[in-house]
Amino acid sequence: MNIRNTLLYRQLHAHRGLLWGVLVALVVLSPNVSSFDLDVDRPIEDAIRAGDTATAIELLQAAMIEDEREDGNNALLGYIYYQRQSWLQAVEQLSVARDKNKKNLDAAYYLGRALLRLDRVDEADEVLAEGLKRAKKELDQARFNNGMGLVALARGEYSDADTFFRKANLADDTNTEYLINLGDANFKMGVPPLAIQYYEEALAIGGEGSTEAYFHWAEACLDLRDYQCALDKLAIVLQQDSTFAPAWRRAGEIYMKAARSSRSISERTELFKNVVGSYERYFELASVTVDSANVRPFFETGLAYINLNGFEQALENLEKVLAIPFEPRDIYYNIGRAKVYLGDYAGAQASFTQHESWVRNQTTEYSPTFSQAEYAQLRGDAAFYKKPQDLTSAIRFYTQSLESRPEQKRLLNNVAFAYQRQNKPAEAVAYYDKRIALGVDSAECRIYRNAGFAAYKVATGGGDEGVDDFLDDDFGFEAPVEVAADEGAFDPNRDYLTASAEYLEKFLACSPEDEDAVRFVASIYMQQDRCSDAVSWFESWAQLQPENPEPYKTLGIAYLTGQCGTDYSRALRYLKQAYDRHVAAGSSCEDAALLLSIAQAHHLRAAGNTTDKAQVNSDFKNAFEWYGRTLKCDPGNADAQKGRDETQFEFN
């Protein structure tokens, strides 16, 4: 799938005339050593300034072994992890630094910020509040007030957040972050004009905060569901420097928020395309490696591809996240979802099992990003379509999904079919009825076919063991696995035989040349002694299979035995048509019972004729000859021998 961010480029084109002289810069992975005021070894400083954080981490870890008491090394290492968004590792190192030296305000501040990233708000509150008490310098007080504002923001205490951010801004009115946070708080309080004023003040200061101001402005617009506003702000940023990789990353994040919030299918599709386009541009410009700093881009790219039905690309990106290794919320579910649509049903089942294990291991309350009906449906699909199939699980999961979303046509049909394959025809009919109640168009007529065969099996108590051979089976099922019957599925007041004929006739209205369905309808009407209907359907069967002797033989026997009223002449006509088809196939001895029936029809017609002596003579003669043919094909046939004995002296 070649998915491009077309909407994004349209927005850029719309703002091509705007010139903002703004330096596009985000916080990058190279932390400023002087912000810690540390006396670090020159190789460590060189590695950090060069952006080689992997080397810096190795050197710091070695330095920590040499001097375990030095808190500065832990603090700097924690800050590097913080910038790489490795929040757990950042908390670990910054906690060690703070424990070693309570006066290390750098460690305390970034520890609080990292805890907030992990939604450990109460812990962050404690750390930042203590740091604020220890802060003596005005600039330190400013940043801890900023931190406390972020805590209040996380708790939804927007008025308190506003107060903290104002204190930070009063102490340091050159820091764009404090102004941006003030804007965020006011947007949350429902005062957009004031929020925009603070964003504009941040923009006026310039520097790296300018880009952040636009991004926060865009996110604030999303909170107000003003997508055009958000897109406008993104376009401004990206126009300034389309080669600045971090800006494309933030664009991807904001497009993802917009896509998840949009209720328009067409708009969501375009926004997800922009997510993919933005992140892929970021990957290209930053020469991104698969590491913990890029969990979100890979994960959200995977999610966007899923929503665009690009399941191969989705799986590729989600598996990169696991290779980091990192387990974002519901990643195994999304991998399983992609595998279902790629036809890897066994792999999907394994991923869903991993998802459930992941859920059990969560220490905080878990809230899924998907509906349980959707999850149960996918689990049912994985069980239903895999080889060998697991119909027991398929029925269980499908019915769970149907409990909350009962009008899922495909699931109703699949449950019915699964029950039918499990030799539970009453349950199958019950679900076919639910499916049929939702409407069946001409392309779906085979639902009636399978329903007809299921109803026939209920009516006959499963006596016709070959009925399942006629199911419309497109799924490659193997031997069925038994499932429990639903005791309430069978309706004792229902005429399942008539229902079977009704289903099959509805199917035949769409597909009149289905020989098996025609045969079953004819057979049902014959069983119900609806002879005129049966004859009509048997003759239709004969027209569809002109070389098949069976429809003619069945009609002949019906008139011979009186099932359709005794009419030996009709019986002979149909029986001899059946015999002619055997002869044409080169097998005149194929059916000795047919030969015997012809002989008996002649015999009985002769015995009942008291007016036409010539016809009587002819019938006795023909009966004698057909009994002889029967004995030639079946020498031990007692009925044929008896008939021959009885007729040998009855004709001239």
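In my numbering, the protein residues as written are -2 to 649. Ideal placement from N, C-alpha and C gives every residue a C-beta, glycine not left out. What you are looking at is a predicted structure, and each value in this text was computed from that prediction instead of being measured.
- A379 sits close to Y342, with the two beta carbons spaced by under 7 angstroms.
- When the beta-carbon positions are compared, V148 and D122 come within less than 7 angstroms of each other.
- L268 is not a Cβ neighbour of A248, given a cutoff of 7 angstroms.
- Counting C-beta pairs closer than 8 angstroms gives three or more between the segment 595 to 614 and the segment 563 to 576, which meets the contact rule.
- With contacts defined by Cβ atoms closer than 7 angstroms, Y78 and Y107 do not form a contacting pair.
- In this structure V455 is in contact with V426, their Cβ atoms being roughly 6 angstroms apart against a cut-off of 8 angstroms.
- Cβ contact annotation for Q346 (same chain, cutoff 6 angstroms, sequence separation greater than five): A379, in chain order.
- In the DSSP assignment, I251 falls within the unbroken alpha helix (DSSP H) covering A242 to S258.
- R641 counts as buried, since no fewer than 16 other beta carbons sit within 10 angstroms of its beta carbon.
- When the five nearest sequence neighbours on each side are left out, the beta carbons in the same chain lying within less than 6 angstroms of the beta carbon of R114 are those of W84, in order along the chain.
- P548 carries a helical assignment under DSSP once its states are collapsed to helix, strand and coil.
- Distance from the CA of R402 to the CA of Y372, rounded to the nearest whole angstrom, comes to 12 angstroms.
- In this structure, A539 keeps its C-beta atom at 7 angstroms or more from the C-beta atom of A531.
- Here E510 is exposed. Its C-beta has fewer than 16 other C-beta atoms within 10 Å.
- Take E309, set aside five residues on each side of it, and the residues of its chain with a beta-carbon closer than 7 angstroms to its own are L339, in chain order.
- In the three-state reduction of the DSSP assignment, S533 falls in the helix class, which pools H, G and I.
- For the set Y500, G559 and C507, the Cα lying nearest the Cα of R527 is the one of G559.
- In this structure, the CA atom of K254 is about 54 angstroms from the CA atom of Y453.
- Taking the Cα positions, G69 is about 25 angstroms away from V118.
- Rounded to whole angstroms, the gap between the alpha carbons of V272 and A87 is 28 angstroms.
- Each of S529, S497 and S585 was checked against the Cα of G449, and the nearest Cα belongs to S497.
- Of the candidates G274, G562 and E264, G274 places its Cα closest to the Cα of S239.
- Distances from the CA of G153 to each of L136, N183, R163 and K130 were compared; the closest alpha carbon is that of N183.
- Taking a cut-off of 8 angstroms on C-beta distances, the segment 585 to 599 touches the segment 619 to 635, as three or more cross pairs fall below it.
- CA-CA distance, E404 to T298, rounds to 32 angstroms.
- When only Cα atoms are considered, A283 and A51 end up about 16 angstroms apart.
- Q82 carries a coil assignment under DSSP once its states are collapsed to helix, strand and coil.
- Boundaries of the alpha helix (DSSP H) harbouring Y445: R443 to A456, taken from the DSSP string.
- In the DSSP assignment, R357 falls within the alpha helix (DSSP H) that extends over Y342 to R357.
- At a Cβ-Cβ threshold of 7 angstroms, A199 and A210 count as neighbours.
- Annotated three-state conformation of G436 is coil, per DSSP.
- Of S390, Y445 and I444, the smallest CA-CA separation from Q419 is found for S390.
- With fewer than 16 neighbouring CB atoms inside 10 Å of its own CB, P385 falls in the exposed class.
- A379 sits in a helix when the DSSP states are folded into three classes.
- Under the criterion of beta carbons closer than 8 angstroms, L435 and K406 qualify as touching, at roughly 6 angstroms.
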